[in-house]
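Below: one structure, written as structure tokens.
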Amino acid sequence: MSPRTLPSRSSTAPSSDSDPILTPETPSPAPATSTSTPAPPSSRLPDAKPPSSPSPARRAPHPKLRLEIRDLSHQGAALFLRSVNPATILSPAVASIYRLLYSSSSSSSSSSSSSSAAVPAPPTRSVTLILRSMGGVAYTTSTDLDRDHKEIHFSLDYIANIRPRDRVAHEIEGVLTHELVHCYQYDGTRLRYNDSNDFSDQDDQGDDDDNNNSSGNPNDDARDARCPGGLIEGIADWIRLRCDLGPHWHRDEKQSARRAKSWDRGYESTAFFLDHLESRFGHGTVARINGRLRVSGYHEDRFWPALLGESIEELWEEYCCAGEPDDNNGDGCDKGKK
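Take 595 as the starting number for the sequence shown in the numbering used here and just add one per residue.
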């Protein structure tokens, strides 16, 4: 499932329920006449400033959601419309993304740093879902008009070929949730430049420019701070995993992920690794990873030790050694062995 759009950055005003109730002020008494005796100066110290009440929890954004079907006669279009109501998928998905990456509870942890906690979400103002015939599965991009307006392109050909048919609705919801994450996540490049590189999945689109920019563009430095594409995809699939939208990702895939050569292979492999970090370091760990990408960019030798106290190699080795082999034939790993 692909993409490469960068997310957006949005926050929402607190609900009216949390707004203070304003009462009319009582009129000030008329000033004393010139013949009145002034009151003696008070020797009392001024009252300490009352502690400010905690700020109300931020609410999930509500972007404008649009649907565009470019070929109503396509079998995939009919199957999509028969299987799901996109409005009942997209709005709850945005709320889930916000809850897992941006709510105050998701960014609080005993090991969290103030620099990566409670960052604002990118202000995505609209998301247009475009169903069209194309190769691959899906990808997310920004519109030409404004990077705060996103487009999710979803393949009608892929939808038409989802099997078994009783899994169509669940798979559509999983793909769309994954793609929506790309509208609301950070990749490290917005630290110094208000620029988002569009997400388009390498597997789906055959266009991987994540770490290849030698154009001399002033944004080169920002691209140097961009995290690996596998981490972007892994966070998106971690959200999908946490929303229980990856039922076909079985334990075999989880064990295979542990045997992978690289932590940033992406998708469910990296999602399982991130889920392990979430369990090991506490609720909100993945949210803090996302938040630190906005605050500090991505420089691998510093990023992970500053956030979790260990290098990515140490974290990955520990994850691989924490495997759950089905038997005792040495399918786990020995400490110290790569």
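Every residue gets a Cβ at the ideal spot worked out from N, C-alpha and C, and that includes glycine.
The residue from Y692, L825, T722 and L666 with its alpha-carbon nearest to that of Y892 is L825. Boundaries of the alpha helix (DSSP H) harbouring S873: Y861 to F875, taken from the DSSP string.
Scanning E912, T682 and D895 for the CA closest to the CA of S873 turns up E912. Under the 10 Å beta carbon count, P657 is surrounded by 16 or more other beta carbons and is classified as buried.
T734 places its beta carbon 8 Å or farther from that of L839. In the three-state DSSP reduction, R660 falls in the strand class (E or B).
Of S749, D742, V688 and L675, the smallest CA-CA separation from R726 is found for S749. DSSP places L774 inside the alpha helix (DSSP H), whose first and last residues are V762 to H776. Classified as buried, N884 has 16 or more neighbouring CB atoms from the shown chains inside 10 Å of its CB. The alpha-carbon separation between D751 and L661 amounts to approximately 17 Å. If you ignore the 5 residues before and after E894, its C-beta comes within less than 7 Å of the C-beta of I906, all in its own chain and listed in chain order. With 16 or more neighbouring CB atoms inside 10 Å of its own CB, P822 falls in the buried class.
Contact between the segment 675–685 and the segment 762–779 is present: three or more C-beta pairs spanning the two stretches fall below 8 Å. Taking C-beta separations shorter than 7 Å and ignoring five residues to either side along the sequence, the partners of W898 in its chain run E904, S905, I906 and L909, following chain order. Taking C-beta separations shorter than 7 Å and ignoring five residues to either side along the sequence, the partners of R836 in its chain run L694, following chain order. Secondary structure note for A732: it is in no alpha helix (DSSP H), and the uninterrupted beta strand (DSSP E) holding it is A732 to S736. The criterion of a C-beta distance shorter than 8 Å is satisfied by F875 and L902. In the structure shown, T879 adopts helical secondary structure according to DSSP, grouped into three states.
For S720, the three-state secondary structure derived from DSSP is strand. The shortest C-alpha to C-alpha distance from P714 to any of Y780, H870, H776 and S720 is the one to Y780. Counting along the chain, the unbroken beta strand (DSSP E) around S749 starts and ends at H743 to S749. For the pair R886 and P716, the Cα-to-Cα distance works out to about 14 Å.
A distance below 8 Å separates the beta carbons of D742 and R719. Beyond the five residues adjoining it in sequence on each side, Q669 comes within less than 8 Å, by CB distance, of L750 and A754 in the same chain, given in chain order.
L725 is bridged by DSSP to I663 and F748. For G878 against E827, the beta-carbon gap comes to about 21 Å, at or over 8 Å, which does not count as contact.
For the pair V880 and W843, the CB atoms are not nearer than the 8 Å cut-off. Using a Cβ distance threshold of 8 Å, S677 and V762 count as a contacting pair.
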